[in-house]
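For the sequence shown, the numbering used here assigns the number 104 to the initial residue and increments by one for each residue that follows.
Worksheet for the structure shown next.
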Amino acid sequence: AQCINNYQSAKTMIFTIEEINNNSKLLPNITLGYKMYDACASVQLSIKKTLAVLNDPGSRTFSNLPCSLHTYINTFITVSFFASCACLRDRTKYPTVFRTVPSDYYLNRALVQLLKHFGWNWVGTLRSDNDYGNDGVADFTQVAQEEGICIEYSAVISTVMTRQKYIKVIRLIKESSAKVVVTYVNSVPMKSFIDELVLENVTGLQWVGVPGWMTKRLQAKEEYYKIMGGTIGMAYTNAVIPGLKEYLLNVNPFWNPEDFYLKEFWEVIFNCSLNSNDVTRNKCTGTENLRDIKTEYNDENEFRVPSCVYKALYSVAHALHDLYNCKDGKGPFINKTCADKMRVEPWQVGIFIVCYNMAKNTLLLLLLLLIIIIIISSGGLINFVTVGFYDPSLPDEKRIQMNNVPKYVCTESCLPGTHKAVRKGQHICCFDCIPCAEGEISNQTNSLQCMSCPISYRSNQEKNQCILKDTEFLSFEEIMGSLLVLFALLGALMTISVAVIFILYIDTPVVRANNSELSFLLLFSLILCFLCSLTFIGQPSEWSCMLRHTIFGITFALCISCILAKTVVVLMAFRATLPGSNVMKWFGPCQQRMSVASFTLTQVIICTFWLFLSPPFPHKNFTSYKDKIILECEVGSIVAFCAVLGYIGFLSAVCFILAFLARKLPDNFNEAQLITFSMLIFCSVWITFIPAYISSPGKYTVAVEIFAILASSFGLLFCIFFPKCYVILLKPEKNTRKHLMRKMPSKSL
Numbered sequence: 104a105q106c107i108n109n110y111q112s113a114k115t116m117i118f119t120i121e122e123i124n125n126n127s128k129l130l131p132n133i134t135l136g137y138k139m140y141d142a143c144a145s146v147q148l149s150i151k152k153t154l155a156v157l158n159d160p161g162s163r164t165f166s167n168l169p170c171s172l173h174t175y176i177n178t179f180i181t182v183s184f185f186a187s188c189a190c191l192r193d194r195t196k197y198p199t200v201f202r203t204v205p206s207d208y209y210l211n212r213a214l215v216q217l218l219k220h221f222g223w224n225w226v227g228t229l230r231s232d233n234d235y236g237n238d239g240v241a242d243f244t245q246v247a248q249e250e251g252i253c254i255e256y257s258a259v260i261s262t263v264m265t266r267q268k269y270i271k272v273i274r275l276i277k278e279s280s281a282k283v284v285v286t287y288v289n290s291v292p293m294k295s296f297i298d299e300l301v302l303e304n305v306t307g308l309q310w311v312g313v314p315g316w317m318t319k320r321l322q323a324k325e326e327y328y329k330i331m332g333g334t335i336g337m338a339y340t341n342a343v344i345p346g347l348k349e350y351l352l353n354v355n356p357f358w359n360p361e362d363f364y365l366k367e368f369w370e371v372i373f374n375c376s377l378n379s380n381d382v383t384r385n386k387c388t389g390t391e392n393l394r395d396i397k398t399e400y401n402d403e404n405e406f407r408v409p410s411c412v413y414k415a416l417y418s419v420a421h422a423l424h425d426l427y428n429c430k431d432g433k434g435p436f437i438n439k440t441c442a443d444k445m446r447v448e449p450w451q452v453g454i455f456i457v458c459y460n461m462a463k464n465t466l467l468l469l470l471l472l473l474i475i476i477i478i479i480s481s482g483g484l485i486n487f488v489t490v491g492f493y494d495p496s497l498p499d500e501k502r503i504q505m506n507n508v509p510k511y512v513c514t515e516s517c518l519p520g521t522h523k524a525v526r527k528g529q530h531i532c533c534f535d536c537i538p539c540a541e542g543e544i545s546n547q548t549n550s551l552q553c554m555s556c557p558i559s560y561r562s563n564q565e566k567n568q569c570i571l572k573d574t575e576f577l578s579f580e581e582i583m584g585s586l587l588v589l590f591a592l593l594g595a596l597m598t599i600s601v602a603v604i605f606i607l608y609i610d611t612p613v614v615r616a617n618n619s620e621l622s623f624l625l626l627f628s629l630i631l632c633f634l635c636s637l638t639f640i641g642q643p644s645e646w647s648c649m650l651r652h653t654i655f656g657i658t659f660a661l662c663i664s665c666i667l668a669k670t671v672v673v674l675m676a677f678r679a680t681l682p683g684s685n686v687m688k689w690f691g692p693c694q695q696r697m698s699v700a701s702f703t704l705t706q707v708i709i710c711t712f713w714l715f716l717s718p719p720f721p722h723k724n725f726t727s728y729k730d731k732i733i734l735e736c737e738v739g740s741i742v743a744f745c746a747v748l749g750y751i752g753f754l755s756a757v758c759f760i761l762a763f764l765a766r767k768l769p770d771n772f773n774e775a776q777l778i779t780f781s782m783l784i785f786c787s788v789w790i791t792f793i794p795a796y797i798s799s800p801g802k803y804t805v806a807v808e809i810f811a812i813l814a815s816s817f818g819l820l821f822c823i824f825f826p827k828c829y830v831i832l833l834k835p836e837k838n839t840r841k842h843l844m845r846k847m848p849s850k851s852l
């Protein structure tokens with residue numbers, strides 16, 4: 104973790120320097136550089152490396168160091184992004200030390216105000232055994248006592264402690280009566296300490312954290328929840344730096360082989376090895392992607408320190424910019440003079456840093472966020488929730504601004520529209536909130552189960568209220584219904600037009616051939632076929648359901664009976680031309696009327712039995728859709744419905760077979776071919792209707808049925824009557840008896 108954080112800070116420094124160098128308006132014609140050393144987390148090595156930088160052979164050298172190292176160091180400017188010690192506020196001791204993090208002076212007062220806000224006046228402290236922990240707790244203790252807060256104990260931990268010493272500290276905490284622990288600890292020892300708390304099963308304590316570890320991901324383990332869940336504390340403000348996250352993610356040791364820090368970082372974060380001789384770990388392939396993992400390096404909650412690095416570098420850059428652009432008479436030195444731009448002293452840069460920060464009001468970053476940590480046990484995910492802030496510029500009673508009082512719960516309450524589902528193998532307080540299914544609601548918080556809505560109701564979008572379902576049927580007002588009505592009326596009008604043409608030319612051979620009486624009866628039945636489709640549109644009622652199916656069955660039976668009679672007439676007429684044949688007397692006009700009437704009467708009888716035994720009726724379909732009701736007509740008796748359709752199919756099949764047999768009979772007005780083709784279309788439409796009818800949902804089922812009625816009716820009208828109208832209107836020379844009686848060579852369909 105320490106490696107990850109340090110590399111993140113180093114990359115942020117490089118990113119910021121490159122951004123400054125690419126900014127033509129900031130330090131034009133001046134390029135900033137950097138030197139980077141690894142201090143290996145050692146104070147002694149840090150001092151040694153710092154002196155190496157200050158005594159760089161490339162700069163002005165100091166061969167004889169002053170006797171006072173403190174005096175020597177104070178001649179150089181230091182801008183820290185993480186040194187929060189309150190001691191650095193003493194400008195007499197540290198005149199050249201600046202920082203971009205809030206001082207622990209304000210942090211300690213914020214912690215005390217937080218304790219007072221919750222009435223916690225009996226606490227213990229836990230500190231790191233270093234300057235950060237010792238100085239921080241010392242200042243905190245002084246401020247706490249001034250505010251009437253008592254401290255029962257002050258325990259110490261470090262990174263070099265044995266497990267026995269950790270257990271000794273834990274025993275001290277467990278045996279004390281203070282249940283609130285203020286932790287002034289760095290992230291590394293805190294991680295080790297939390298592991299020991301888990302092993303010792305230390306629960307029931309309220310932990311108060313500081314920026315040194317509060318926003319680190321060291322608590323992100325499922326087993327830490329019962330120990331650290333609900334921890335509250337302080338963290339630095341976070342800032343969004345445009346382009347930084349993408350810059351941090353766009354690294355790879357195979358792209359930058361000269362970056363040996365990156366190699367170490369890569370091996371740590373992906374737990375692999377770049378050393379081909381290392382057999383203890385998997386080999387790094389270079390295909391690893393930082394976007395695929397969640398670590399402190401790419402976690403935007405961890406950008407608090409990078410934002411301080413960013414601000415530190417920009418403070419120096421702006422100070423240098425102001426120094427080099429200083430004009431005599433407006434400078435910060437004696438007599439408003441400026442620095443010698445050819446020989447700039449570090450202390451002069453410090454003066455400009457102070458001037459820049461005062462001008463921009465960024466010298467002191469006073470705002471601290473309060474963070475409550477909630478660890479979600481499933482997967483060990485961690486959330487940092489801001490619940491308030493501390494502002495030292497406000498009056499004492501208003502410095503702590505809390506949005507909400509922290510709640511210590513495993514899972515937030517389930518809102519209406521959801522129900523609780525206890526997680527298997529976990530405490531009853533830990534549960535998941537499951538959204539109610541469609542058609543179910545819950546109207547109370549933390550409902551144990553969802554309630555089903557009444558059958559005529561559905562759940563609203565929030566699943567907390569039942570609302571009446573929409574009712575759906577094919578209506579005259581909607582576009583699809585209007586189009587079907589239009590086509591039905593168009594078909595009826597076209598049929599009437601054909602009938603008018605036939606009446607006007609009733610004495611011509613084309614009309615008189617093959618029994619004009621049957622032709623007019625067929626036209627009348629086609630008009631009824633077109634109009635019967637209108638009964639399928641509109642809200643189903645008891646009468647409309649009975650009418651639509653019975654009228655459909657009777658009109659189509661009448662229509663096919665007429666066509667069947669015409670087909671028989673064609674066959675009889677041809678046989679009547681044979682020598683000695685007297686067949687036409689057995690199928691004259693009277694017999695033709697009787698056959699049509701008997702065929703149609705059979706369908707009427709079937710429909711009558713249907714209506715008496717089990718008639719069609721309106722039905723509300725609740726099962727096809729969960730969010731709406733389909734109003735439809737149930738057929739009642741399935742047997743009767745199949746009998747009606749089967750009878751029409753039987754007549755159609757007989758008619759088609761007879762017409763097919765008569766298709767080669769020779770005469771110029773041979774209707775057998777036209778009838779064959781029309782019946783082929785009729786049968787094709789109704790055969791394809793069956794799967795379409797079954798698969799169509801809701802109101803589209805009715806639309807498919809109407810379409811089949813109209814398509815088959817148009818097919819009969821076009822195939823049987825349009826060729827005759829064509830001859831009557833456009834080929835009158837063929838509309839003669841001579842042309843009718845002329846024999847034609849036989850031809851196939």
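Just so you know, even glycine gets a beta-carbon here, dropped at the ideal spot from N, CA and C.
As the structure is a computational prediction, the values presented were derived from the model and not from experiment.
Asked, Found
"Assumed close pair Ile732, Glu541 - CB separation to whole angstroms, cut-off 8 Å", "Rounded, the Cβ-Cβ distance is 14 Å, inconsistent with contact."
"Per-residue burial, Tyr209 [other beta carbons within 10 Å of its own, 16 or more giving buried]", "buried"
"Alpha carbon of Lys566 to alpha carbon of Pro538, nearest angstrom", "8 Å"
"Per-residue DSSP class, three states only, for Ser815", "helix"
"Top-ranked residue by Cα proximity to Ile812, from Tyr235, Ser787, Trp223", "Ser787"
"Option in Glu836, Leu777, Ala806 with minimal Cα separation from Leu819", "Leu777"
"Runs of beta strand (DSSP E) wholly within the stretch 514–544 (minimum 3 residues, chain order)", "521–525, 534–538"
"Start-to-end residues for the alpha helix (DSSP H) that takes in Val226", "Taken as a continuous stretch (DSSP letters only), Val226 belongs to no alpha helix (DSSP H), being part of the beta strand (DSSP E) at 225–231."
"Where the beta strand (DSSP E) containing Trp890 begins and where it ends", "Not covered by the structure: residue 890. The range shown for the chain is 104 to 852."
"Burial state of Asp207 (16 or more Cβ within 10 Å)", "buried"
"Under 8 Å between C-beta atoms of Thr703 and Leu661", "yes"
"Beta-carbon gap between Gln605 and Val614 smaller than 8 Å", "Sequence check: residue 605 is Phe here, not Gln. It is a contact, given that the beta carbons lie within the stated cut-off."
"DSSP three-state assignment for Asn109, whether helix, strand or coil", "helix"
"Buried versus exposed call for Ser368 [16 or more other C-beta atoms within 10 Å across all chains shown]", "Inspection of the sequence shows that residue 368 is occupied by Phe rather than by Ser. Phe368 comes out buried."
"C-alpha gap between Pro356 and Tyr400, whole angstroms", "16 Å"
"Where the alpha helix (DSSP H) containing Leu748 begins and where it ends", "741–764"
"Limits of the alpha helix (DSSP H) - the one that Pro292 falls within", "290–303"
"C-alpha gap between Ser194 and Glu515, whole angstroms", "The displayed chain sequence assigns Arg, not Ser, to residue 194. Cα to Cα, Arg194 sits roughly 48 Å from Glu515."
"Three-way DSSP call (helix, strand, coil) for Pro826 in this model", "helix"
"Assigned secondary structure, Asn385 (DSSP; H/G/I helix, E/B strand, else coil)", "strand"
"Counted within 10 angstroms of its Cβ, other Cβ atoms place Asp242 as buried (16 or more) or exposed", "buried"
"For Tyr269 and Thr228, believed in contact at Cβ under 8 Å, the rounded distance", "Their Cβ separation, rounded to whole angstroms, is 16 Å, which puts Thr228 and Tyr269 out of contact at 8 Å."
"Complete runs of the alpha helix (DSSP H) confined to the stretch 174–228 [at least 4 residues]", "207–221"
"CB of Val283 within 8 Å of CB of Gln309, strictly", "yes"
"Inter-residue CB distance, Trp316 and Met293 (contact presumed, cutoff 8 Å)", "4 Å"
"Exposure of Gly307, with buried meaning 16 or more beta-carbon neighbours within 10 Å", "exposed"
"Cβ distance (whole Å) where Leu783 is taken to contact Leu674 below 8 Å", "That pair is no contact at about 18 Å."
"Residue from Ile544, Thr653, Phe810, Lys219 with nearest C-alpha to Thr521", "Ile544"
"Beta-carbon proximity list for Tyr137, same chain, < 8 Å, skipping 5 on both sides", "Met116, Ile117, Ile120"
"Beta-bridge partners of Asp395, as assigned by DSSP", "Partner(s): none; Asp395 has no beta bridge."
"Segment contact, 8 Å Cβ cut-off, at least three pairs: the stretch 438–448 with the stretch 186–201", "no"
"Same chain only: Cβ atoms within 7 Å of Ile831, ignoring 5 sequence neighbours per side", "Ile604, Tyr608, Thr611, Val613, Asn838"
"Cβ neighbour criterion (16 or more within 10 Å) applied to Asn211", "buried"
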